[in-house]
Amino acid sequence: MNRPHRSRQYYGRGPMRYHVIPLCLIVLCWSGLRSWDSLAGMPESEMASGAKRTLVEGTYQLSPPAIQFDKDGTLHAAWLEQRGDARSVKTMRVSQDLHQEAVQVNPKEAEPNALHQAPGLAVGQDGRIFVSWSTAKASDAPFASDLRLARSVDGGRTFEPPILVNDDKQPIGHGFESVLVDRQGGVNIAWLDNRHKSKSGAGAVFGGSHDGGKGVETNVAIDDMACPCCRPMLTQAPDGSIWVAWRKTFEGNVRDIVVARSIDQGRSFSAPIRVHEDKWVFPACPHRGPSIGFDGAGRLYVAWYTEGTDEHPQVFLSVSDDQGQTFATPVSLHASTTSLPDQLRMAVAPTGAVVAVWEELTGVRKRIVMRVSLDRGRTFGSLQTLSTGANAEFPTVAIHESGQVALSWNEHVWPNNRIVVLLERLSDHK
Numbered sequence: 001m002n003r004p005h006r007s008r009q010y011y012g013r014g015p016m017r018y019h020v021i022p023l024c025l026i027v028l029c030w031s032g033l034r035s036w037d038s039l040a041g042m043p044e045s046e047m048a049s050g051a052k053r054t055l056v057e058g059t060y061q062l063s064p065p066a067i068q069f070d071k072d073g074t075l076h077a078a079w080l081e082q083r084g085d086a087r088s089v090k091t092m093r094v095s096q097d098l099h100q101e102a103v104q105v106n107p108k109e110a111e112p113n114a115l116h117q118a119p120g121l122a123v124g125q126d127g128r129i130f131v132s133w134s135t136a137k138a139s140d141a142p143f144a145s146d147l148r149l150a151r152s153v154d155g156g157r158t159f160e161p162p163i164l165v166n167d168d169k170q171p172i173g174h175g176f177e178s179v180l181v182d183r184q185g186g187v188n189i190a191w192l193d194n195r196h197k198s199k200s201g202a203g204a205v206f207g208g209s210h211d212g213g214k215g216v217e218t219n220v221a222i223d224d225m226a227c228p229c230c231r232p233m234l235t236q237a238p239d240g241s242i243w244v245a246w247r248k249t250f251e252g253n254v255r256d257i258v259v260a261r262s263i264d265q266g267r268s269f270s271a272p273i274r275v276h277e278d279k280w281v282f283p284a285c286p287h288r289g290p291s292i293g294f295d296g297a298g299r300l301y302v303a304w305y306t307e308g309t310d311e312h313p314q315v316f317l318s319v320s321d322d323q324g325q326t327f328a329t330p331v332s333l334h335a336s337t338t339s340l341p342d343q344l345r346m347a348v349a350p351t352g353a354v355v356a357v358w359e360e361l362t363g364v365r366k367r368i369v370m371r372v373s374l375d376r377g378r379t380f381g382s383l384q385t386l387s388t389g390a391n392a393e394f395p396t397v398a399i400h401e402s403g404q405v406a407l408s409w410n411e412h413v414w415p416n417n418r419i420v421v422l423l424e425r426l427s428d429h430k
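Position 364 of the sequence shown, counted from 1, bears residue number 364 in the UniProt record's numbering, the numbering being contiguous throughout.
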């Protein structure tokens, strides 16, 4: 399941293709600093723009980043890196100090097994930070790995030794995880592994910790027909329930997005609810998971990639006001007829503001674009280009309750590559 970074293969048409990330540079933006490359043309009605700055630079490989805000609005970033033959998990508490040092999370005996995806990252309201990644398992079985979780109780300055998340010892893959610290302090992890696999090749599995992340309770199988490499995503509703979204494999290799709800802190989940019948038939895993979130009034938002019945790449968003029992007609986010969308990510503010970011592709260019909704997903502003250069990918987004928005992605500018983060502010927050 967790394929080595340098040999990652995507299957399919258009944007599904071979990716390699060689040399890397990480760049971050901090709102209020003077910009040498700020966003041009960002509507004042949607977002106030910030500037870029460099966090770390080197001729070593980096994974895509993960970003999360803590309760006070400080941004935390995490990534995987490889220097020579050594791989490591790194985090950074992002501040205006240009000389902020990255913190290594893993001990040497728990190196990440690949760099093809970002690590899992979650920050609790008490400031505890949790980072997850997969480690190689001694086995002849391909992609065999274990899932690890490390905890910091001092704001990311140091990390405790990682614990094992999966409770089986099978020589199979355990990864493509999502981590969430709920408002009650529980640590929730959803991931994919093969122990409950059916025809699809993987199962969606959940593990929870109610002791602050010191250990993980018995793993719970959510679905035995999950798409084996489409990363699931967790969120919490205002009523405290835990939700997970993933791509499910239906009969005939139809691969559509579903959600499920837990009202007992992850000990059990409802039956999967299909968000929309895209009826996308695909005989392999497309490596494109959904995004999910709630606003403060309890509206559920789900965003996803599909190629539908006409094999045309599209990105959609749909909402539900009845706990996922019904979903509104999906809103198409990408209207261009001269480019293709890919790698959609979405985040929701308590006010119902929605920020969607994705890759826009042509035959010679990949760039990061964004659209913002300030009316709970009913309408979206114009398409905004965030990246510079001709080769950008793997966007992600996080929103703080104050209206701060962080957007991050990889850019490749020969001879270096970089991860760019922009810290912005929604205009509907004062």
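For every residue, glycine included, the Cβ atom is placed at its ideal position computed from N, Cα and C.
Inter-residue CB distance, residue i and residue j (contact presumed, cutoff 8 Å)
i: residue 129; j: residue 152; result: 4 Å
i: residue 404; j: residue 423; result: 6 Å
i: residue 334; j: residue 315; result: 5 Å
i: residue 178; j: residue 220; result: Wrong, their Cβ atoms sit about 14 Å apart, outside the cutoff.
i: residue 149; j: residue 163; result: 5 Å
i: residue 330; j: residue 360; result: In fact, because the Cβ distance is near 19 Å, the residues do not count as touching under 8 Å.
i: residue 165; j: residue 212; result: Rounded, the Cβ-Cβ distance is 15 Å, inconsistent with contact.
i: residue 419; j: residue 133; result: 17 Å between Cβ atoms; not a contact.
Under the three-state DSSP convention, the category residue i falls into
i: residue 431; result: Because the chain here runs from 1 to 430, residue 431 falls outside it and cannot be looked at.
i: residue 450; result: Nothing can be reported for residue 450, as the shown portion of the chain is limited to 1 through 430.
i: residue 310; result: coil
i: residue 133; result: strand
i: residue 299; result: coil
i: residue 280; result: coil
i: residue 116; result: coil
i: residue 142; result: coil
i: residue 93; result: strand
i: residue 31; result: In this prediction, residue 31 scores a pLDDT of 37, lower than 50, which makes its location untrustworthy; the coordinate-derived value is nonetheless stated afterwards. Reduced to three states, the DSSP call for residue 31 is coil.
i: residue 320; result: strand
i: residue 380; result: coil
i: residue 341; result: strand
i: residue 184; result: coil
i: residue 248; result: strand
C-beta contact flag for residue i and residue j at 8 Å
i: residue 441; j: residue 232; result: No statement about residue 441 is possible, as the shown extent of the chain runs from 1 to 430 and does not include it.
i: residue 186; j: residue 195; result: no
i: residue 249; j: residue 199; result: yes
i: residue 259; j: residue 243; result: yes
i: residue 295; j: residue 350; result: yes
i: residue 105; j: residue 121; result: no
i: residue 246; j: residue 286; result: no
i: residue 343; j: residue 255; result: no
i: residue 426; j: residue 347; result: no
i: residue 357; j: residue 407; result: yes
i: residue 338; j: residue 362; result: yes
i: residue 369; j: residue 381; result: no
i: residue 238; j: residue 293; result: no
i: residue 93; j: residue 76; result: yes
i: residue 124; j: residue 147; result: no
Span of the beta strand (DSSP E), counted from its first residue to its last, around residue i
i: residue 398; result: 392-399
i: residue 411; result: 404-413
i: residue 349; result: First-last for residue 349: undefined, no H or E at that position.
i: residue 419; result: 416-426
i: residue 128; result: Careful: residue 128 lies outside any beta strand (DSSP E) and carries neither H nor E.
i: residue 81; result: 75-83
i: residue 174; result: 174-181
i: residue 337; result: No beta strand (DSSP E) contains residue 337, which DSSP labels as neither H nor E.
i: residue 255; result: 254-262
i: residue 187; result: 187-193
Any non-hydrogen atom of the ligand NAP within 7 Å of residue i CB
i: residue 387; result: Judged by which ligands are present, the structure shown has none, so any question about the ligand NAP falls away.
Chain B contact for residue i (CB, 8 Å cutoff)
i: residue 325; result: Going by chain labels, chain B is absent from the structure shown, which holds only one protein chain.
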